[in-house]
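Data block below; observations after.
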Amino acid sequence: MAESICRALRDGALQGEHAPALTIKDSIASPFGFHVFTHLLTQLSSNILAAKSQSRGLVLVAFSRSPSFYLDLLNRKGIDVASSQKWIEILDCYTDPLGWKDALLASENGGSLSNEASTGASLCRNVKDMDKLYSSIIELGKGIVGQGKVRFCVAIDSVNEILRHASISSVAGLLSNLRSNDRVSSIFWLSHSDLHEDRVTAVLEYMSSMVASIEPLNQSANGRRCNWESLPLLEHNYWKGRFHVRFKRRNGRVRVMSEEFHVEQSAINFRSISSEDEIVNRSLLPKVQFNLQLSEKEQIDRAKVVLPFEHQGTGKPIQIYDGRRSLTDGKSETEPVSTGILQTNENSSKGEIIYLRDSDDERPDSDEDPDDDLDI
Amino acid sequence: MDQRAPNLLDEALGLVDEEKTKPWPLSSRVVLLEDRVETSGAFVLHHLLKRALSPHSSNDVVVFLAFSQPFSHYDRVLRKLGCNLTAQRENNRFFFLDLLMSEFPDGDEGNKDGLVALYGKIEKVVTTSFQENKKCITIVIDDFSLMEVAANGSTNYVLDFLRYCRTLTSAFGCSLVVLNHEDIYSSIERPALILQMEYLADILIKAEPLATGLATDVHGQLTVLNKEIRDEQGSSRNKICNFHFRVKENGVEYFYPGSKT
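Going down the list, the protein sequences come from chains A and B.
Residue 376 is where the first sequence ends in full-length UniProt numbering, and the numbering goes up by one at each step.
Residue 261 is where the second sequence ends in full-length UniProt numbering, and the numbering goes up by one at each step.
Next comes the structure, spelled out in structure tokens:
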């Protein structure tokens, strides 16, 4: 399912449609959104390098990690970054997002430049300006793919950081501008959902055609914090979680799929919700003395039982007693009742119901309607 | 004194290093220390301070932003632990920024300018130390909530400040150690500040009282969440540790729950 996301991002946008957009959201109880983000980033990068994707380039807007971190990461995953100038551009909103370093440098008129500048990433010194951010992303993208019709992907590693400096409406404007730009093939971003009000998360989800949410295996009672008391369990389950993906189709159809993930050695692995759990569940069913289900023979026998008052329709016309007159076939019934045994049918191969009267005080069963005198 | 057996805290932080060959394992990492009013986490700070200034490597530098205590306080505590801060300060290994009485000028711009200036100071120390080939730099903030107070409660700027300090960790391989109090945010429904810090942190240390209440020979428990331990081969692992501690006059005893004789 993580694969179907990758495929959707790889296949890109149709002519005259918005680019597919993905929100990755997590919370502090299971903060592995970044792992998912890097996983998708590497998958998409290898697709781009292998020319399997619609897009020919990737613009990474780096807020939460330095550009060199990403280059290292891609290198470690065996993706050729040496030719990175051709297919990946990183917009560095990490090193100096508010221009503090610039201001300090200007005021001191000296000092050393930060090492980050040497990575060749373009620096953004004012992330509060959404228009500028938008135009620099588009510029970088066009720088990779040229002026033709070729498209590029956009990845934003933290929407929360933009939201700290700008209002939700302007961020929504930025994202939807990017989505509707005809040069953008697909776009994905990461958001920590517990840092903002629910409506902010909702806005982001409305603008995305896919939402991948990361949830812990067992929600703790207080919701927000991990429950440190149950530590052994926590330690076992902290690195695992559930991964839900919601796809929204063009026609409005919504499909939700779930998977499990497991984080180990800084990589994230996905697998379908394990049959392992089902087996555990089955074996957890208590072993009881009685049967919960019927055997085949029991089912046949059960089907044969003729319930009292059930119309048999054995050749005779079915008469529904309407409470005004006594049934004509009273004979076969009244006789056995007087002996205390009700036998609905002589054929013994059929099921039967045996009725014993407790005492003579009890009035024999009769079909007489107690409300006989009423004209209902 | 220094050759004592590594304790559980060191193990949890990955500080155990027999050959003293590996680089400082906390380098390029953000350590967040959360404590509560019943259990102060200051002793962890002192421990990290002592480790960072250990006599084995004279290349280590500590930049200390003190919002909560004066220098003499730390000097006394660390002397008990066998570390002379005054001497280290004279050796230019311990940079103490006394921000006890600091108050940034009122107004939005004033707060921002104060924090920018403070960041500038830190950056200057870090860059000069880096150029002097002192590669192992630790920035300590004690404590973050008082920094927020000094900045007149402008959470956003304080977070910006933290972000900028973090850029130093990736650019110069510094480690950043921040102390904050967990319980002062407990009534807020969405405590964005502490959550932001937890997202930022690579290592989260929580000092909490025992769930069962007070005890004479156990002073509390520490939970260490180490998000990624990467060794030289590039492989990494994650772990969570939990153990009890007892603060003594000149050191702290760490032990697993129930193992105390």
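The beta-carbon is built from N, C-alpha and C at its ideal position, and this holds for glycine as well.
Member of the options whose CA lies at the smallest distance from the CA of residue i
i: B/I205; options: B/L49, B/N180, B/I188 and B/A211; result: B/N180
i: B/E103; options: B/P209, B/R89, B/K80 and B/F67; result: B/F67
i: A/I138; options: A/A103, A/A106 and A/N177; result: A/N177
i: A/F188; options: A/E296, A/G148 and A/L60; result: A/L60
i: A/S169; options: A/T23, A/V200, A/L40 and A/A106; result: A/V200
i: B/A52; options: B/Y119, B/K112, B/E38 and B/K134; result: B/K134
i: B/D108; options: B/D10, B/E249 and B/A151; result: B/A151
i: A/N218; options: A/Q15, A/I24 and A/S30; result: A/S30
i: A/E3; options: A/F34, A/A21, A/G16 and A/L44; result: A/L44
i: B/E208; options: B/V37, B/R89 and B/L176; result: B/V37
i: A/V150; options: A/Q15, A/V306 and A/E205; result: A/Q15
i: B/S27; options: B/A215, B/I203, B/I240 and B/N250; result: B/I203
i: B/L162; options: B/G82, B/G153, B/L176 and B/F172; result: B/L176
i: B/Y199; options: B/G14, B/N7, B/L9 and B/V30; result: B/V30
i: B/I137; options: B/F144, B/G251 and B/T127; result: B/T127
i: A/Y70; options: A/S53, A/E17 and A/F37; result: A/F37
i: A/A51; options: A/V145, A/I162 and A/F247; result: A/V145
i: A/Q147; options: A/Y206, A/R56 and A/Y134; result: A/R56
Within chain B, the residues that residue i reaches when beta carbons sit closer than 9 Å
i: A/F69; result: S170
i: A/Y94; result: R163, R166, T167 and S170
For residue i, the first and last residue of its enclosing alpha helix (DSSP H)
i: A/V305; result: Where A/V305 is concerned, there is no enclosing alpha helix (DSSP H), given that its DSSP letter is neither H nor E.
i: B/M147; result: F144 to A150
i: B/K112; result: D108 to Q131
i: A/E205; result: D198 to Y206
i: A/N177; result: I168 to S180
i: B/R76; result: F71 to K80
i: B/A87; result: L85 to E90
i: A/R242; result: It is not in any alpha helix (DSSP H) - A/R242 instead sits in the beta strand (DSSP E) that spans K240 to K248.
i: A/L49; result: G33 to L49
i: A/I5; result: A2 to D11
i: B/R51; result: A42 to A52
i: A/A29; result: A/A29 -> no alpha helix (DSSP H), and no H or E assigned at all.
Residues that residue i contacts on chain B, provided the C-beta gap is smaller than 7 Å
i: A/P31; result: Y199
i: A/S170; result: Residues of chain B passing the Cβ test: none, with the nearest at roughly 16 Å.
Buried versus exposed call for residue i [16 or more other C-beta atoms within 10 Å across all chains shown]
i: B/T167; result: buried
i: B/L221; result: Per the sequence presented here, residue 221 of chain B reads as Gln, with Leu not at that position. The residue is buried, with at least 16 neighbouring Cβ atoms inside 10 Å.
i: A/I341; result: Summary for A/I341: the model assigns pLDDT 47, below 50, so the residue's position carries little reliability, and this model does not support an answer.
i: A/K331; result: Confidence at A/K331 is low in this model, with a pLDDT of 49, below 50, so its placement is unreliable and the value that follows should be read with caution. By the neighbour-count rule (16 or more Cβ atoms within 10 Å), A/K331 is not buried but exposed.
i: B/E148; result: buried
i: B/E34; result: buried
i: B/V16; result: exposed
i: A/P216; result: buried
i: A/R183; result: buried
i: A/D198; result: exposed
i: B/K80; result: exposed
i: B/L159; result: buried
i: A/D96; result: buried
Amino acids of chain A, ordered along the chain, whose beta-carbon sits closer than 8 Å to that of residue i
i: B/V116; result: W100, A103 and L104
i: B/Y119; result: W100 and L104
i: B/R190; result: D194, L195, H196 and E197
i: B/H159; result: Reading off the sequence, residue 159 of chain B comes out as Leu, not His. Neighbours of B/L159 on chain A, chain order: R164.
i: B/E132; result: Result: empty, since nearest Cβ-Cβ is about 12 Å, beyond 8 Å.
i: B/E38; result: Ordered by position in chain A, no residue passes the 8 Å Cβ test against B/E38, which lies about 15 Å from the chain.
Closer than 8 Å at the beta carbon, the chain B residues around residue i
i: A/I28; result: L195, E198 and Y199
i: A/S176; result: The contacting residues do not exist; A/S176 stays about 25 Å from chain B at best.
i: A/S66; result: T167, S170 and A171
First through last residue of the beta strand (DSSP E) which encompasses residue i
i: A/H192; result: V184 to H192
i: B/G251; result: G251 to F255
i: A/S213; result: M210 to P216
i: A/S295; result: No beta strand (DSSP E) holds A/S295; DSSP gives it neither H nor E.
i: A/E259; result: V254 to E264
i: B/E11; result: Careful: B/E11 lies outside any beta strand (DSSP E), inside the alpha helix (DSSP H) at L8 to L13.
i: A/S272; result: A267 to S272
i: B/L33; result: V30 to D35
i: B/L65; result: D60 to A66
Partners in chain A for residue i, counting only beta-carbon separations shorter than 9 Å
i: B/L214; result: Going along chain A, no residue has its Cβ under 9 Å from B/L214, so there is no contact; the nearest lies around 17 Å.
i: B/N156; result: R164 and H165
i: B/E11; result: Correct list: empty, because the minimum Cβ distance to chain A is about 15 Å.
i: B/E148; result: The premise fails here: B/E148 is roughly 15 Å from chain A at the closest Cβ pair, so nothing lies under 9 Å.
Under 7 Å by beta carbon: chain A residues contacting residue i
i: B/E90; result: Here the premise fails: no neighbours, minimum Cβ distance about 25 Å.
i: B/E34; result: None at all; the shortest Cβ gap to chain A is about 11 Å.
i: B/E249; result: Result: empty, since nearest Cβ-Cβ is about 28 Å, beyond 7 Å.
Problem - Uninterrupted beta strand (DSSP E) stretches inside the segment 60–93 of chain A (no shorter than 3 residues) - result: As far as the segment 60–93 of chain A is concerned, its whole beta strand (DSSP E) runs of at least 3 residues are 88–92.
Handout entry: 3 or more residues per run - each beta strand (DSSP E) lying fully within the segment 100–165 of chain A
Key = Taking only runs of at least 3 residues, the beta strand (DSSP E) segments lying wholly in the segment 100–165 of chain A are 151–156.
Handout entry: Continuous alpha helix (DSSP H) assignments of at least 4 residues falling wholly in the segment 148–231 of chain B
Key = Complete alpha helix (DSSP H) runs here, min 4: 155–172 and 192–200.
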